[in-house]
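This report refers to the structure that appears directly beneath it.
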Amino acid sequence: MEYVSTRGGVEAVDFEEALFSGYAPDGGLFMPQHIPSLDGDTLRRWSRLSYRELVKELCSLFITAELVPRSMLNDLIDRAFSRFRHKDIIHLSRLKDGLNVLELWHGVTYAFKDLSLSCTGQFLQYFLEKKQKHVTILVGTSGDTGSSAIESVRGQKNMDIFVLLPKGFCTQIQELQMTTVIEDNVHVFAAHGNSDEIDEPIKELFADVDFARKYNLMSLNSVNWSRIMVQIAHHFYAYFQCAPSLDTTPLPVVEIVVPTGGGGNITAGCIAQKMGLPIRLVAAVNSNDIIHRTVQRGDFSLSESVKATLASAMDIQEPYNVERILWLLSGSDSHLTKTLMERFSVSKSLKLPEDLHRKTSPFSLGPQLSETLCSCSASDEDIVQAMRRCWDENRYLLCPHSAVAAHYHYSQPDGTARCCLAPASAAKFQNALLRAGLVPQLPPEITALTAMETRSTPLERGQDWAQALREWIEATAQQRGIARQGVTQT
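See below:
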């Protein structure tokens, strides 16, 4: 199993090199050169597996035994899930009116990012210990990625992590989950900008090939293939939990509703589809609706500004994983993908070619592609109404991101087998709950955050954020006294 860039400008690499990369050197994103195909018998056999076992089976398809022996891979995944609060790691709540909510948030930070990042942290540690190397991790976060990434590597002597959070755009709890981690290898920056703006200095540093190589820069955002790989598993688990029967041929279709920001989770679903899982995907977005407009009209263009919404982790205008989806839909056409993404990079406005758009939109192709991908957009009022209805009918609290998915479910006629992914616990979004007239239920771990010491470095508007990060990374390396050399083999 080798990995290629969506833009086709670099030679294929193995999993280790893809893991330790952010963007590919040509600006693209790494994807498997070949997507494994699973037959019906394999799917029926996998339907009896636990979530933990599904992760192991899927990862073994994308990580060769020569790189990580299967027994070691199993051990790494077991270690990754050792801090999860639920015995099944993730849990399906079956609620009234056919609302199935797959709780992906039983990890340390109460967010679904814990699933993939706990595994990715273990994979990193495995390779770093083998080669006695050190890496510098650079992460931009719209809310949950930062804290999950920090928890996955905190205290590790061979990793330093630099996290940029958008000051005022995260909830207080999300921010405290990052700023209260006082570890020598954790460096948090509170930038006075939005989620898209904090991505710019990160892209600039990765684009400086000499700097990136000297300090072994890597990313734990969902540009990292390892994140996408692990997230494929919960689409399989959702399908097996919600399919009415696996005794029929062909297997029944289940609709998976995916709250979507940067597009990593919906990309994982597209790969699961490509592997043969009979799911229909719904990209559910908030008022920052670039993915919705792309699916509906082929309009991959920025709005005038990012809108602050109750579903704050999805307040993203530049969902970088759309590049992976376009690459998949174009039949791995790296030349086309490169042309489109470079055009978007310059103008921030892109009209998809008609033949490519038809492959994303069920409305222009009829029933065949309605089995593939559709989308919806939810306003803050839609979110509030879904949260209230779910509570009134079930005494069950949804986070505002999960409520985007529930809004779609409540707008559809009954009878479709459907699973709504729940990316975060409602406990992290007190203001949204209060807006909906609901009472937050806070676990003690979250309540304790407000009394803890915090540490972060401000990045002001008008300041050169990229230069500030360079100086911090250089100073940290000097303090460590580490002479850094390339992580991956050449």
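For the sequence shown, full-length UniProt numbering begins at 1 and goes up steadily by one. Don't be surprised by glycine CBs; every beta carbon is placed ideally from N, CA and C.
Item to check | Selected residue, minimal CA-CA separation from LEU117, among LEU49, ALA417, GLY146 and HIS187 | outcome: GLY146
Checklist entry - Does DSSP put PHE344 in a helix, a strand or coil? => result helix
Item to check | Every unbroken alpha helix (DSSP H) inside the region 422-480 [4 residues or more] | outcome: 430-435, 444-447 and 465-480
Next on the checklist: Give me the DSSP bridge partner(s) of LEU246.
Outcome noted: LEU246 is not bridged to any residue.
Checklist entry - Helix, strand or coil: how does DSSP classify ASN100 here? => result strand
Checklist entry - Straight-line CA distance for SER303 to ASP289? => result 9 Å
Checklist entry - Is it the case that the Cβ atoms of LEU329 and LEU356 are separated by a distance below 8 Å? => result yes
Next on the checklist: I'd like the ranges of any beta strand (DSSP E) spanning at least 3 consecutive residues and lying wholly in the region 182-226.
Outcome noted: 186-191
Item to check | Beta carbon of ASN221 nearer than 8 Å to that of VAL139 | outcome: yes
Item to check | Length of the line joining the Cα atoms of ASN158 and ASN286 | outcome: 38 Å
Item to check | Beta-bridge partners of VAL13, as assigned by DSSP | outcome: TYR3
Checklist entry - If you follow the beta strand (DSSP E) that ALA283 is part of, which residue opens it and which one closes it? => result 279-285
Next on the checklist: With H, G and I counted as helix, E and B as strand and the rest as coil, what does DSSP make of LEU165?
Outcome noted: strand
Checklist entry - Within 10 angstroms of its Cβ, does GLU460 collect 16 or more other Cβ (buried), or is it exposed? => result exposed
Checklist entry - For VAL139, which residues does DSSP report across the bridge? => result VAL163
Next on the checklist: For ALA233, list the residues DSSP reports as bridge partners.
Outcome noted: DSSP output for ALA233 lists no bridge partner at all.
Next on the checklist: Helix, strand or coil for GLU318? Go by DSSP, reduced to three states.
Outcome noted: coil
Item to check | Close Cβ partners of LEU58 (< 6 Å) along its chain, the five nearest in sequence each way excluded | outcome: ILE232 and ALA233
Next on the checklist: I'd like the span of the beta strand (DSSP E) that includes MET31, first residue to last.
Outcome noted: 30-32
Checklist entry - So LEU102 and CYS419 are in contact, right, with Cβ under 8 Å, and what is the actual spacing, rounded? => result 5 Å
Checklist entry - In chain order, what residues of the same chain have a beta carbon less than 8 Å from the beta carbon of HIS335, not counting five sequence neighbours either side? => result GLY8
Next on the checklist: According to DSSP, simplified to helix, strand and coil, what is ILE256?
Outcome noted: strand
Next on the checklist: On the CB-based measure, 16 or more other CB atoms within 10 Å of its CB, does TRP327 come out buried or exposed?
Outcome noted: buried
Next on the checklist: If you reduce the DSSP assignment to three classes, tell me which class CYS420 lands in.
Outcome noted: strand
Checklist entry - Curious, which full-length beta strand (DSSP E) runs of at least 3 residues does the region 30-118 contain? => result 30-32, 91-94 and 100-103
Checklist entry - What span of residues does the beta strand (DSSP E) with LYS133 cover, start to end? => result Careful: LYS133 lies outside any beta strand (DSSP E) and carries neither H nor E.
Item to check | Status (buried if at least 16 other CB within 10 Å, exposed otherwise) for GLN172 | outcome: exposed
Item to check | For CYS376, three-class secondary structure by DSSP | outcome: strand
Checklist entry - For ALA24, which option in ARG470, ILE383 and MET218 has the closest C-alpha, if you only look at C-alpha atoms? => result MET218
Checklist entry - How about the region 451-468 and the region 184-191: do they share at least three Cβ pairs that are nearer than 8 Å? => result yes
Next on the checklist: In the DSSP output, what is LEU350 paired with across the bridge?
Outcome noted: PHE300
Next on the checklist: Rounding to the nearest angstrom, what Cα-Cα distance links GLN478 and GLU471 in this structure?
Outcome noted: 10 Å
Item to check | Euclidean distance between Cα positions of VAL4 and GLU474 | outcome: 30 Å
Checklist entry - With contact counted as at least three CB pairs below 8 Å, one residue from each stretch, are the region 311-327 and the region 406-422 in contact? => result no
Item to check | Cβ separation of VAL257 and LEU421, assumed to be a contact under 8 Å, to the nearest whole Å | outcome: 7 Å
Checklist entry - Looking only at its own chain, which residues have a Cβ that is under 7 Å from the Cβ of ILE182, when we skip the five neighbours before and after it? => result GLU453 and ARG455
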